[in-house]
Amino acid sequence: MKINPGVCILTGGFSLFFLISGVRALVRKRMMVVNPASQQAWPGLLGAILTEARKKYEVPQVMEAHQELHVEATGAQAVGMAWLYIVLGVGFLFVGVFHFLMENDLLAFLFD
Numbered sequence: 000m001k002i003n004p005g006v007c008i009l010t011g012g013f014s015l016f017f018l019i020s021g022v023r024a025l026v027r028k029r030m031m032v033v034n035p036a037s038q039q040a041w042p043g044l045l046g047a048i049l050t051e052a053r054k055k056y057e058v059p060q061v062m063e064a065h066q067e068l069h070v071e072a073t074g075a076q077a078v079g080m081a082w083l084y085i086v087l088g089v090g091f092l093f094v095g096v097f098h099f100l101m102e103n104d105l106l107a108f109l110f111d
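Oh and the sequence shown: position 21 is 20 in numbering that gives the first Met the number 0, straight run, nothing missing.
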């Protein structure tokens with residue numbers, strides 16, 4: 000039985016992060032997300048281009064929206080993102096298990 004520690008650490012770490020974050024958000028029904036209206040949400044040159052491109056489509060508001068980098072999503076947005084995180088966690092777990100099975104020739108009968 001061969002176990003690649005790098006693959007275990009990477010896929011296991013991402014899987015744990017996404018699963019724990021998703022379940023936590025699903026239980027609490029709220030989640031911290033990046034605010035796309037914030038100037039800090041799009042860093043770098045690409046961010047400057049995207050911010051300029053978005054300006055012509057934005058509706059001017061009397062009161063300026065929240066400008067913090069992170070805002071709290073609640074309701075359907077939080078539940079949807081929680082399920083997305085859970086799916087990503089299961090996906091990374093599947094990638095790790097699939098790599099283990101392929102490395103140890105336990106799925107060789109599929110590719111003969």
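C-beta: ideal position from N, C-alpha, C; glycine also.
Rounded C-alpha distance that separates residue i from residue j
i    : j    : result
L25  : D111 : 43 Å
I85  : A40  : 24 Å
N34  : A81  : 17 Å
I118 : K54  : In the structure as shown, the chain begins at 0 and stops at 111. Residue 118 is therefore absent and cannot be evaluated.
I8   : G43  : 30 Å
T50  : F17  : 28 Å
G46  : L68  : 14 Å
V32  : V70  : 6 Å
N3   : L106 : 17 Å
Classification of residue i by the beta-carbon crowding that lies within 10 angstroms, buried from 16 upward
i   : result
F97 : exposed
Terminal residues of the alpha helix (DSSP H) in which residue i lies
i   : result
M80 : 75-102
E51 : 43-54
7 Å CB neighbourhood of residue i in its chain, flanking five on each side removed
i   : result
A77 : A24, K28, R29, M30
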